[in-house]
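Participant: Input: one structure, supplied below.
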Amino acid sequence: MSKRPLIGVTACRQIIESHYFHVVGEKYIDAIVDGAEGVPLQLPALAERTAVAELLGALDGLLVTGSPSNIEPG
Numbered sequence: 151m152s153k154r155p156l157i158g159v160t161a162c163r164q165i166i167e168s169h170y171f172h173v174v175g176e177k178y179i180d181a182i183v184d185g186a187e188g189v190p191l192q193l194p195a196l197a198e199r200t201a202v203a204e205l206l207g208a209l210d211g212l213l214v215t216g217s218p219s220n221i222e223p224g
């Protein structure tokens with residue numbers, strides 16, 4: 151049995167009941183699990199505060215959702 155690919159999926163930062171959350175739509179998780187037969191790993195919208203290069207190096211793939219939290223300039 152081969153190892154399933156680890157695929158990062160970018161999260162969107164949203165305010166829910168006055169608290170910040172990092173969320174990913176279920177359709178993106180389904181695409182990774184069912185379509186790519188991979189293991190999804192949610193990536194928080196905190197690029198400026200995380201070791202992005204190190205994190206990306208550990209992944210086999212990346213799904214960029216295009217949410218405003220991760221495509222608009224800060």
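Using the numbering used here, the letters of the sequence shown map in sequence onto residues 151 to 224.
Don't be surprised by glycine CBs; every beta carbon is placed ideally from N, CA and C.
No experiment lies behind these values; they were computed from the predicted model shown.
#1: What number of angstroms, rounded off, separates the C-alpha of Ala203 from the C-alpha of Leu209?
#2: Looking at the ligand ZN, does it come within less than 7 Å of Val214, judged from the CB to the closest heavy atom?
#3: Leaving out five residues on either side along the sequence, give the residues of the same chain with a beta carbon under 7 Å from the beta carbon of Gln164.
#4: Buried or exposed, going by whether 16 or more other CB atoms sit within 10 Å of the CB of Ile166?
#5: Nearest-angstrom Cα distance between Pro155 and Asp180?
Facilitator: From the atom records:
#1: Here the question's residue 203 lines up with position 53 in the sequence shown. Here the question's residue 209 lines up with position 59 in the sequence shown. The straight-line gap from Cα to Cα measures roughly 10 Å.
#2: In terms of ligand content, the structure shown is empty, and the ligand ZN therefore cannot be addressed.
#3: Translated into positions along the sequence shown, residue 164 becomes position 14. Within the same chain, Gln164 has close Cβ partners Phe171, Val173.
#4: By one-based count along the sequence shown, residue 166 stands at place 16. Ile166 is exposed by the Cβ-count criterion.
#5: Working through the sequence shown from its first residue, we reach residue 155 at position 5. Working through the sequence shown from its first residue, we reach residue 180 at position 30. When rounded, the distance between both Cα atoms is 14 Å.
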